[in-house]
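Contents: one structure, followed by commentary.
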Amino acid sequence: MKRTLMKIGLVVGCLVLVAAIQPDAPPSVAQIVALDECDPTSFNLAIGPDFCKNVALAPLGYATTIQDLFDKAAAGTPDPKWDFEPDVLSIKKGTTVSVVDQGGEPHTFTEVEQFGGGFIPGLNSGQSPVPECAAGFNDIAVAKTRVIQGSTSLFTGLSRGTHYFQCCLHPWMRVKVEVK
Ligand SMILES: [Cu+2]
Numbered sequence: 000m001k002r003t004l005m006k007i008g009l010v011v012g013c014l015v016l017v018a019a020i021q022p023d024a025p026p027s028v029a030q031i032v033a034l035d036e037c038d039p040t041s042f043n044l045a046i047g048p049d050f051c052k053n054v055a056l057a058p059l060g061y062a063t064t065i066q067d068l069f070d071k072a073a074a075g076t077p078d079p080k081w082d083f084e085p086d087v088l089s090i091k092k093g094t095t096v097s098v099v100d101q102g103g104e105p106h107t108f109t110e111v112e113q114f115g116g117g118f119i120p121g122l123n124s125g126q127s128p129v130p131e132c133a134a135g136f137n138d139i140a141v142a143k144t145r146v147i148q149g150s151t152s153l154f155t156g157l158s159r160g161t162h163y164f165q166c167c168l169h170p171w172m173r174v175k176v177e178v179k
C-alpha cells in the first residue's frame, strides 16, 4: 500500500514537473509573402519619389512599368508578379497570419466577403469594387490593412472557416485562408 502510494505520488509529481517546465506552446505563425516588381523609375515619376522602393533589376527585365501594369490589367491578364504567396493557406485556429511585403510598393491585406475589384478602377479588369475596398484609404478599415514595403503585418483572431483576403490596390492579389 505504502509502495503504491509512493508510486502514485511519484507519477503525480512527475506530471506536475512536466507541466511546470513545459511552457504553453507558442502560438504558431503562418507567413504570407506579398510580391511585386514595380519599376521605380516609371512608378515614382507618376506617383511620387518614394512610392516604389523595389530592388527589381529593371535593366535585366525584372520590373514592370506602371504603364505595363495598367495595360495588362485592362487586357484582363493582370501581372502575375503582383502576388500573395501562397494562394491558399490552411491553419489551425489561433495561428497568427504574418504578411511580409517583399515587393517595392504598398499593398493591403483586406478581408472581403467575396473577391472582386479594388479601389483603383484601372486595375480592376472590369470587376466592380468590393464594398470592403471601395472607399480606399479614406476608409480607416482599409487603411489599417496596408502592408508597407519591407514591413510585416500580423493578423490574429481568425475564426474557424474560410476567410478571403485581397489587395485593394491590385485586386488579383488574393489569398484564401482556411481555419480549422
Ligand atoms: Cu497590392
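Numbering that gives the first Met the number 0 numbers the first residue of the sequence shown as 0 and each following residue consecutively. Here a beta-carbon is modelled for each residue, glycine too, at the ideal position from N, C-alpha and C. None of the values given here were measured: they were computed from a predicted structure.
Look at residue 175 here: in three-state DSSP terms it is strand. Here the C-alpha atom of residue 68 lies approximately 7 Å from the C-alpha atom of residue 77. Beta bridge pairing from DSSP links residue 139 with no other residue. In terms of CA proximity to residue 55, 102 leads the group 70, 124, 102. The count of Cβ pairs closer than 8 Å, one atom from the region 123-140 and one from the region 86-93, stays below three, leaving the stretches out of contact. Look at the region 75-161 and you find these whole runs of beta strand (DSSP E), each 3 residues long or longer: 82-84, 87-90, 95-100, 109-111, 151-154.
In terms of side-chain proximity, the C-beta atom of residue 168 is found nearer than 7 Å to a non-hydrogen atom of ligand 1. Close CB contacts of residue 80 within its chain, under the 6 Å cut and outside five residues either way in sequence, are with 36 (chain order). Between the alpha carbons of residue 110 and residue 146 lies a distance of about 13 Å. The beta carbon of residue 39 sits closer than 8 Å to the beta carbons of 51, 52, 53, 55, 57, 62, 103 from its chain, once the five residues preceding and following it are set aside; these are given in chain order.
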